[in-house]
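Peer 1: Per my numbering, the sequence shown runs over residues 203 to 498.
Where a beta carbon is used, it is the ideal one built from N, C-alpha and C, also for glycine.
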Amino acid sequence: MALCAGAALPSSASAQQGRLKMNTRPIPSTQEALPVVGCGTWIGFDQRPGSDEYQRLPGVLDALFAAGGTVIDSSPMYGRSEETTGELLAAASKPRENKAFLATKVWTSGREAGIAQMEQSFARLRTQRMDLMQVHNLMDWKTHLATLRGWKEKGRVRYIGITHYTASAYREVEAVLRAEKLDFLQINYSLDAREAEERLLPLAAERGVAVIVNMPFGGGGLLRRLRGKPLPAWAGEIGCASWAQVLLKFVLSHPAVTCTIPGTSRAEHMADNAAAGAGAFPDAAFWRRNAESIGL
Numbered sequence: 203m204a205l206c207a208g209a210a211l212p213s214s215a216s217a218q219q220g221r222l223k224m225n226t227r228p229i230p231s232t233q234e235a236l237p238v239v240g241c242g243t244w245i246g247f248d249q250r251p252g253s254d255e256y257q258r259l260p261g262v263l264d265a266l267f268a269a270g271g272t273v274i275d276s277s278p279m280y281g282r283s284e285e286t287t288g289e290l291l292a293a294a295s296k297p298r299e300n301k302a303f304l305a306t307k308v309w310t311s312g313r314e315a316g317i318a319q320m321e322q323s324f325a326r327l328r329t330q331r332m333d334l335m336q337v338h339n340l341m342d343w344k345t346h347l348a349t350l351r352g353w354k355e356k357g358r359v360r361y362i363g364i365t366h367y368t369a370s371a372y373r374e375v376e377a378v379l380r381a382e383k384l385d386f387l388q389i390n391y392s393l394d395a396r397e398a399e400e401r402l403l404p405l406a407a408e409r410g411v412a413v414i415v416n417m418p419f420g421g422g423g424l425l426r427r428l429r430g431k432p433l434p435a436w437a438g439e440i441g442c443a444s445w446a447q448v449l450l451k452f453v454l455s456h457p458a459v460t461c462t463i464p465g466t467s468r469a470e471h472m473a474d475n476a477a478a479g480a481g482a483f484p485d486a487a488f489w490r491r492n493a494e495s496i497g498l
């Protein structure tokens with residue numbers, strides 16, 4: 203079985219999985235190492251203080267950081283998620299914010315509206331410098347990228363990028379990737395939605411753009427369909443003890459992918475997701491042989 207770069211595969215997923223260190227991959231524009239599994243905050247972090255759901259969220263960040271992860275991705279369109287993230291980082295007994303790679307987005311039209319929204323994101327996330335600011339779903343991308351280049355020069359943001367989540371937008375995403383100098387592309391990619399393999403992922407690699415994968419579980423539907431099925435025998439061979447880990451291993455097996463950001467509001471799910479970032483990753487031939495056995 204051919205494998206991508208990483209540590210040797212464990213002989214027993216359940217026994218050795220937790221002992222392996224999460225892999226990192228370089229951000230092409232700087233070679234900074236980025237852990238390959240992060241945390242998305244859509245829905246899960248849109249919670250009010252005092253609620254049972256809110257009380258679970260510190261454990262999610264603890265699980266992320268304990269596993270070696272750093273990336274937390276949010277957006278002003280995710281309800282209260284930015285504010286919740288900022289509160290949790292500020293309230294931590296340990297300096298958790300020093301470990302976090304904070305990524306958020308601008309999602310509005312017009313220069314002044316974009317500046318106001320991004321300033322609000324800085325305030326909500328309680329940071330003076332954003333690791334990554336992305337133009338959400340390409341909304342007014344020319345205007346916002348011009349602002350962000352200036353902010354990057356001043357050190358307010360470290361990296362800039364664009365995002366989308368649907369194949370219907372790929373033609374426009376490709377055009378922007380070809381025309382603009384970007385640090386990051388965030389795009390959907392999963393075992394049942396592989397269109398990004400055709401042009402976007404190779405183009406990102408060619409252009410030296412890091413790739414963050416959103417919707418690695420197909421928006422949740424794919425994982426729900428698989429939960430009732432027994433894991434195939436080959437899952438243990440690649441260090442996977444759950445369907446979530448199988449799906450994340452698939453995403454991370456593509457060499458153009460830098461990081462994936464499965465969303466969760468439960469610490470045990472974050473720990474399970476993070477474990478997929480350890481060990482080695484099978485190559486494309488492995489997935490061609492075995493993906494059909496999943497029934498997709």
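Are three or more beta carbon pairs between the segment 238–250 and the segment 454–473 nearer than 8 Å?
Peer 2: In short, these stretches touch, since the Cβ pair count reaches three.
Peer 1: Applying the criterion that 16 or more other CB atoms from any shown protein chain within 10 Å of the CB defines a buried residue, is Gln336 buried or exposed?
Peer 2: For the purposes of this step, residue 336 is identified with residue 134 of the sequence shown, where counting begins at 1. Per the 10 Å Cβ criterion, buried.
Peer 1: Would you call Ser216 buried or exposed, if buried means 16 or more other Cβ atoms sit within 10 Å of its Cβ?
Peer 2: One-based indexing of the sequence shown puts residue 216 at position 14. With a pLDDT of 40 at Ser216, under the threshold of 50, the predicted position of this residue should be treated as unreliable, though the coordinate-derived value follows. Exposed, because fewer than 16 other Cβ atoms sit within 10 Å of the Cβ of Ser216.
Peer 1: Buried or exposed for Arg490, please, with buried defined as at least 16 other CB atoms from any protein chain shown within 10 angstroms of its CB.
Peer 2: Translated into positions along the sequence shown, residue 490 becomes position 288. Exposed, since its Cβ has fewer than 16 Cβ neighbours within 10 Å.
Peer 1: What are the boundary residues of the beta strand (DSSP E) that Asp275 is part of?
Peer 2: For the purposes of this step, residue 275 is taken as residue 73 along the sequence shown, with counting starting at 1. Val273 to Asp275 is the extent of the beta strand (DSSP E) around Asp275.
Peer 1: Looking only at its chain, what residues have a beta carbon closer than 6 Å to the beta carbon of Asn492, apart from the 5 residues adjacent to it on each side?
Peer 2: Position 290 of the sequence shown holds residue 492. The answer, listed in chain order, is Trp436.
Peer 1: Going straight from the alpha carbon of Phe247 to that of Thr286, what length do you get?
Peer 2: Residue numbering aside, residue 247 sits at position 45 when the sequence shown is read from its first letter. Residue numbering aside, residue 286 sits at position 84 when the sequence shown is read from its first letter. In a straight line, the C-alpha of Phe247 is about 6 Å away from that of Thr286.
Peer 1: Quick check on Asp250: buried or exposed, where buried means 16 or more other Cβ atoms within 10 Å of its Cβ?
Peer 2: Here residue 250 refers to the residue found at position 48 when the sequence shown is read from its first residue. Rather than Asp, the amino acid found at residue 250 in this sequence is Arg. Classification for Arg250: exposed.
Peer 1: Could you spell out where the alpha helix (DSSP H) holding Asn492 opens and where it closes?
Peer 2: In the sequence shown, residue 492 corresponds to position 290, counting from 1. Run containing Asn492: Ala486 to Asn492, per the alpha helix (DSSP H) assignment.
Peer 1: Just to check my reading of the structure: Ser392 and Pro418 have Cβ atoms closer than 8 Å, yes? What is that Cβ distance to the nearest angstrom?
Peer 2: The sequence position of residue 392 within the sequence shown is 190, counting from 1. The sequence position of residue 418 within the sequence shown is 216, counting from 1. So it is a contact: roughly 5 Å between Cβ atoms.
Peer 1: Is the beta carbon of His456 less than 7 Å from the beta carbon of Leu403?
Peer 2: Counted from its first residue, the sequence shown places residue 456 at position 254. Counted from its first residue, the sequence shown places residue 403 at position 201. Yes, the pair counts as a contact, with Cβ atoms nearer than the cut-off.
Peer 1: Assuming Pro237 is part of the alpha helix (DSSP H), what are its boundary residues?
Peer 2: One-based indexing of the sequence shown puts residue 237 at position 35. Looking at the DSSP string, Pro237 is not in any alpha helix (DSSP H); the run it does join, the beta strand (DSSP E), is Ala235 to Pro237.
Peer 1: Need the endpoints of the alpha helix (DSSP H) that Met472 sits in, please.
Peer 2: Along the sequence shown, one-based indexing puts residue 472 at 270. Counting along the chain, the alpha helix (DSSP H) containing Met472 begins and ends at Ala469 to Ala477.
Peer 1: Could you say which of Gly430, Leu340, Lys383 and Ala377 lies nearest to Ser231 if we only look at CA atoms?
Peer 2: Locating residue 231 in the sequence shown gives position 29, where the first residue counts as 1. For the residues Gly430, Leu340, Lys383 and Ala377, the minimum Cα distance to Ser231 belongs to Lys383.
Peer 1: Could you tell me the distance, in whole angstroms, from the CA atom of Leu291 to the CA atom of Ala268?
Peer 2: By 1-based counting over the sequence shown, the position of residue 291 is 89. By 1-based counting over the sequence shown, the position of residue 268 is 66. Between Leu291 and Ala268, the C-alpha separation is close to 14 Å.
Peer 1: First and last residue of the beta strand (DSSP E) that includes Asp333?
Peer 2: Reading the sequence shown from its first residue, position 131 is the one you call residue 333. Residues Met332 to Val337.
Peer 1: Sorted by chain position, which residues of the same chain lie with C-beta nearer than 6 Å to Val411's C-beta, five sequence neighbours on each side aside?
Peer 2: Looking up residue 411 in the sequence shown gives position 209. Cβ neighbours of Val411 beyond the five flanking positions: Leu384 and Leu387.
Peer 1: On a Cα-Cα basis, can you pick out the residue from Phe488, Glu321 and Thr466 that is closest to Arg358?
Peer 2: Taking the sequence shown and counting its residues from 1, the one referred to as residue 358 is at position 156. The shortest Cα separation from Arg358 among Phe488, Glu321 and Thr466 belongs to Glu321.
Peer 1: Among Tyr256, Thr226, Gly261 and Glu255, which residue has its Cα nearest to the Cα of Asp474?
Peer 2: Translated into positions along the sequence shown, residue 474 becomes position 272. Checking every option, the nearest Cα to that of Asp474 belongs to Gly261.
Peer 1: Select from Asn225, Trp309, Leu424 and Gly252 the residue whose C-alpha is nearest the C-alpha of Met279.
Peer 2: Here residue 279 is taken as the residue at index 77 of the sequence shown, counted from 1. Nearest option by C-alpha distance: Trp309.
Peer 1: Can you list, in chain order, the residues of its chain with a C-beta nearer than 6 Å to that of His527? Leave out the 5 residues immediately preceding and following it.
Peer 2: Since the first residue of the chain shown is 203 and the last is 498, residue 527 is not available in this structure.
Peer 1: At what residue ranges does the segment 315–390 contain a whole run of the alpha helix (DSSP H), taking only runs of 4 or more?
Peer 2: Within the segment 315–390, the complete alpha helix (DSSP H) runs of at least 4 residues are 343–356 and 372–381.
Peer 1: Using 7 Å as the threshold, is the C-beta distance between Ile364 and Leu327 below it?
Peer 2: Here residue 364 refers to the residue found at position 162 of the sequence shown. Here residue 327 refers to the residue found at position 125 of the sequence shown. In this structure, Leu327 does not lie closer than 7 Å to Ile364 by Cβ.
Peer 1: How long is the line joining the alpha carbons of Gly441 and Thr243, rounded to whole angstroms?
Peer 2: Counting from one through the sequence shown, the residue named residue 441 turns up at place 239. Counting from one through the sequence shown, the residue named residue 243 turns up at place 41. Between Gly441 and Thr243, the C-alpha separation is close to 26 Å.
Peer 1: Could you tell me which residues DSSP pairs with Ala412 in its beta bridges?
Peer 2: The sequence position of residue 412 within the sequence shown is 210, counting from 1. Ala412 is bridged to Phe386.
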